[in-house]
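Working notes, beginning with the structure itself.
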Amino acid sequence: MTVRAIPVRGEILAPGQPGYDDARRIWKGLDRRPSCIVRCADTSDLRNLVGYAAQERLPLAIAGAGHDIGARSMPDYALVASTAALTRVEIDAERRLAKVAPGARWGHVVEAAARHGLATTGASVATVGVAGFALHGGLGWLMRSLGTACDNIRELEMVTADGELRRIAPDSEPDLFWAMRGAGSNFGAVTSLTLQLHPITRVTAGMMLYPGEAAPAVLNAFRDITARAGDELVTHFYYNGSPDGAHSTGIGLCHTGDPADLATLLAPLAPLGEPVYDSVREMGIDDLQAVHDSSTPRGARYHLRAHYLSELDDSVSEAILARCRTVTAPFTQVFVEHMGGAVGRAPIDDSVFGGRHAGYSFLVINGWSSPEDDTTQIAWTRAFGDAVGPHATHGAYVNYLDYDEDHRIPGAYGSAYPRLRALKRRYDPANMFRFNRNIPPEVDDAAS
Ligand SMILES: Cc1cc2nc3c(=O)[nH]c(=O)nc-3n(C[C@H](O)[C@H](O)[C@H](O)COP(=O)(O)OP(=O)(O)OC[C@H]3O[C@@H](n4cnc5c(N)ncnc54)[C@H](O)[C@@H]3O)c2cc1C
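The sequence shown begins at 5 in my numbering and counts up by one.
Here's what the structure looks like:
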């Protein structure tokens, strides 16, 4: 690769250059060393890079906020287009739309939209990238009333592998509009996302935590709460380790309804007595992300496993609780997120997000500090996933798949997978965009 020939205005960073180490830092504490990172100064840089990669027959990685669970956006030895500096968010308050640049994080959208009394389904943590999150689904605090983030995509602009800048919307490239909402990183470099906003200014939200031993009772209470919850209540069961070895458990919640109703909705927790920590309070919508912001420090070692569950019966509850008792790492968090509501009501064939049928999403984020513990902690995470797997319903949420789970990608897309492969062949036959939850192009049987 002739680095000097890359036609961009932004910085071109090769190993050893000032800024290279900063640019390659991602959420996971991995030592990834691309051959070159281009810090895009504007979206024309992104377009020019796609053209350059096509001409040089190089695969191109697109790195936004770098929160990919499998660290796919920052591969060793590859050419990386970093959009991290492109964070502009424009709000059209009248039409309740946000036009979001490709490197924006959720914190940028929340802040800009809140100034107009608006919000949409975003990630639980402010530093997560809008693009990676929304192009592959997007589960968040507001999803039971507003749907997933990909349900709120109204329009995209993107550069496909042939260098063409395309407008993707229901009335323009409908095939791509379908595919981009769930499998988005496979078909091009997105230069902007237009998201639907909704009038929400205040919520009641926070965490109620109890000692780890209370986990069976908390999980039971969670099941009862979710059985009666309307769309205005999103909850998750939570279990975590801590640096001092103490475990805690509890419920995280966000309620957009009348705060006066909350005590009744949370009545199943009453027999547990007072929580040891209770941050549930009325807050402005712009404070919602702070509920989880500090829980997964950037740069730690992480490994994840996740499954969709149709219900929380005794056998899956016991499988989860048995593993929770064996947590040893300091930053481990176990979630059972309540899905359904608007997520389940959106038409299944409208997008390729595959989690419509799930009642719950199980997720273990195992986090530790020392590379010496990698083998033990990765094995522990896998064993947790294996214990819950037999109780899971079909499919997988691609945003939660770690680097060693690419074999689950076809199942994640289910019956949409063959059509996605055909589209991949049409728009990216050389698989230029492969540093993602990759969908290989359909093979031409006649040519093979
Ligand atoms: C701390 C943390 C909290 C999280 N919380 C949630 C949550 O609440 N709900 C949830 O559903 N998920 C959550 N996730 C998962 C998250 O949604 C995914 O990891 C998501 O893909 C991250 O997107 P990113 O843009 O930050 O990551 P990146 O690593 O920058 O990108 C992720 C993928 O998207 C591709 N991509 C990025 N930008 C573009 C673009 N402009 N055009 C084309 N492709 C692009 C990349 O190439 C890569 O394949 C969380 C992850 C972390 C680490």
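Every residue gets a Cβ at the ideal spot worked out from N, C-alpha and C, and that includes glycine.
Nearest neighbour of residue i, chosen from the options [CA to CA]
i, options, result
"E15", "L266, D46 and R92", "D46"
"D354", "A85, S128 and P174", "P174"
"L308", "V402, R61 and A123", "V402"
"R329", "R360, H71 and F388", "F388"
"D410", "P444, Q381, L424 and A420", "P444"
"G283", "V207, A304, L169 and G74", "In the sequence as displayed, the identity of residue 283 is Ser instead of Gly. The residue with the shortest Cα to Cα distance from S283 is V207."
"V129", "W145, I41, Y24 and R119", "W145"
"A221", "D318, A88, P106 and N52", "D318"
"A167", "V194, V114, H240 and N52", "Here residue 167 turns out to be Gly, not Ala, going by the sequence shown. Out of V194, V114, H240 and N52, N52 has the C-alpha closest to the C-alpha of G167."
"T300", "T336, I289 and D72", "T336"
"Y81", "V12, L50, P22 and L17", "L17"
"I73", "L405, D448 and G344", "L405"
"Y214", "P334, A231, N244 and E60", "N244"
"G344", "E315, A326 and V368", "E315"
"R109", "R99, G68 and L83", "G68"
"A138", "S196, A153, T195 and I41", "A153"
"T239", "D155, V295, N442 and G288", "V295"
"C44", "I10, E60, G303 and P22", "I10"
"R28", "R61, Y56, R360 and H71", "H71"
"P414", "A326, V368 and G358", "G358"
"H120", "G142, L143, G141 and I95", "I95"
"Y242", "Y56, V338 and G20", "V338"
For residue i, three-class secondary structure by DSSP
i, result
"N403", "helix"
"E446", "coil"
"P178", "helix"
"I172", "strand"
"D72", "coil"
"I229", "helix"
"F191", "coil"
"H251", "coil"
"Q2", "Lying before the first or after the last residue shown, residue 2 is absent from the chain, which here runs from 5 to 452."
"I30", "coil"
"F439", "coil"
"C44", "coil"
"H411", "helix"
"R196", "Inspection of the sequence shows that residue 196 is occupied by Ser rather than by Arg. The answer is strand: DSSP assigns S196 an E or B state."
"G210", "strand"
"H395", "helix"
"E60", "helix"
"P215", "strand"
"R430", "helix"
"P455", "This structure does not reach residue 455, given that the chain is present from 5 up to 452, and the question cannot be answered."
"V54", "helix"
"I324", "helix"
Proximal residues to residue i (C-beta, below 7 Å), its chain only, five neighbours per side dropped
i, result
"G151", "T125, A346, V347 and A350"
"V392", "H311, V320, A323, I324 and F366"
"A218", "T253 and L276"
"E115", "D290"
"L34", "A75"
"L292", "W145, V207, A209 and C258"
"A362", "Y312, L313, S314, M343 and T397"
"G111", "A130, T131 and Q293"
"V163", "L50, R51, V54, L169, G192, A193 and T195"
"Y364", "L313, L316, V340, E341, H342 and M343"
"P247", "P334"
"L270", "I229"
"R185", "C154, I157, S355, V356 and F357"
Rounded Cβ spacing between residue i and residue j (contact assumed at less than 8 Å)
i, j, result
"A165", "G192", "7 Å"
"A416", "A396", "The Cβ separation is near 12 Å, so there is no contact."
"A97", "A65", "With a Cβ gap of about 35 Å, A97 and A65 do not count as contacting."
"T454", "P63", "The structure shown has nothing for residue 454, since the chain only spans 5 to 452."
"I122", "L201", "According to the sequence displayed, residue 122 carries Leu and not Ile. At roughly 4 Å, the Cβ-Cβ gap stays under 8 Å, so L122 and L201 are in contact."
"P272", "I229", "5 Å"
"E183", "V356", "Note on residue identity: the sequence assigns Ala, not Glu, to residue 183. Between V356 and A183 the Cβ distance is about 6 Å, and since that is below 8 Å, they are a contact."
"N440", "S189", "4 Å"
"I30", "R36", "7 Å"
"S149", "T268", "At roughly 18 Å, the Cβ-Cβ gap does not stay under 8 Å, so S149 and T268 are not in contact."
Neighbourhood of residue i by C-beta distance below 6 Å, restricted to the same chain and skipping five residues each side
i, result
"E159", "A173 and T198"
"M147", "T125 and V347"
"W372", "R305, A333 and Q381"
"A420", "V356"
"Y281", "L213"
Neighbourhood of residue i by C-beta distance below 8 Å, restricted to the same chain and skipping five residues each side
i, result
"P375", "R305"
"E446", "P422, R425, A426, K428 and R429"
"R285", "T208, A209 and G210"
"V113", "V93, A102, V104, T124, G126, V134 and L199"
(message) Report the start-end ranges of each beta strand (DSSP E) in the region 344-383 that is 3 residues or longer and not cut off at the edges.
(response) 364-372
(message) Threshold first: 4 residues or longer. Then list the alpha helix (DSSP H) segments lying entirely within the region 64-150, N to C.
(response) 110-118, 134-139 and 147-150
(message) What ranges does the beta strand (DSSP E) occupy inside the region 253-316, keeping only unbroken runs of at least 3 residues that lie completely in it?
(response) 285-288 and 305-313
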